[in-house]
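So the protein sequences, as listed, match chains A and B. Each residue of the first sequence is one higher than the one before, starting from 34 at the first, in this note's numbering. Each residue of the second sequence is one higher than the one before, starting from 220 at the first, in this note's numbering. Before any comments, here is the structure.
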Amino acid sequence: SAVISQKPSRDICQRGTSLTIQCQVDSQVTMMFWYRQQPGQSLTLIATANQGSEATYESGFVIDKFPISRPNLTFSTLTVSNMSPEDSSIYLCSVIQGAGGNTIYFGEGSWLTVV
Amino acid sequence: SQELEQSPQSLIVQEGKNLTINCTSSKTLYGLYWYKQKYGEGLIFLMMLQKGGEEKSHEKITAKLDEKKQQSSLHITASQPSHAGIYLCGADSAAIQGAQKLVFGQGTRLTINP
């Protein structure tokens, strides 16, 4: 299975600032996904990040607020811009791997608290 | 759009007891994933089901997908404290098999009492 590392694992951020979350995978993957999990809620997909192209954002999420980079097949970053307390969430990256390319693995998550 | 309903939302069982968590969809499930999450952490992949009637087991956890591919259950036998956590089902959000963008149920919080 894929080993996915996220940094930071936790952070407390001041409102109005921006924070970049890193996601590193131990093998090359075509598609990477970023999810958000607000307190007490389930996961919601933010965007799909493919190497060499612009990220594809889901309804309700925009590039200005959540810019994503995907410089190579093992790494991606998600920036949460101009943070407000409503952005306090766990942010998770995920990848597809496995025989047949149909198993989805998640990183350990980055728990952001905005104060 | 695909929506998943999990039941129960929370569950408290005595250590050693069996339990079942259900995940129901109004649409056909093309890929059904089960994950476990500990509080504030990432998701641990448990199992993935694709075929109607499919059943998979890992240690004391068994997951099934019904023949109509609209309901899945997760069954834990002889529960242990290590089974405590939040269990999430997720499914491919598109009718195209292999779309691989997941929508999730709201989760089931499992507590195991000694």
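We put the CB at the ideal spot given by N, CA and C, even for glycine. Everything numeric in this text was worked out from a predicted model, so none of it was measured.
Check, Outcome
"With distances taken from CA atoms, which of B:Ala297, B:Leu248, B:Glu278 and B:Gln225 is nearest Ile331 (chain B)?", "B:Ala297"
"Can you have a look at Arg69 (chain A) and say buried or exposed, based on whether 16 or more other CB atoms are within 10 angstroms of its CB?", "buried"
"Just to confirm my understanding: we take Ile240 (chain B), look at its own chain, exclude 5 residues before and 5 after, and list those with CB closer than 6 Å. What are they?", "Leu293, Tyr306 and Thr327"
"Count Cβ pairs between the segment 141-148 of chain A and the segment 222-237 of chain B that sit closer than 8 Å; are there 3 or more?", "no"
"So, under 8 Å CB-CB, Met116 (chain A) and Thr50 (chain A) are touching, yes? Tell me the CB distance rounded to an integer number of Å.", "6 Å"
"For Phe139 (chain A) and chain B, any beta-carbon pair shorter than 9 Å?", "yes"
"Considering Lys98 (chain A), what are the terminal residues of the beta strand (DSSP E) in which it resides?", "Per DSSP, Lys98 (chain A) belongs to no beta strand (DSSP E) and is neither H nor E."
"Since Gln74 (chain A) contacts Phe108 (chain A) with CB under 8 Å, what's their CB separation in whole angstroms?", "Contact doesn't hold; Cβ gap of about 27 Å is too wide."
"Whole angstroms are fine: how far does the CA of Gly250 (chain B) sit from the CA of Ser244 (chain B)?", "12 Å"
"Would you report the Cα separation of Gly271 (chain B) and Gln47 (chain A), rounded to the nearest angstrom?", "49 Å"
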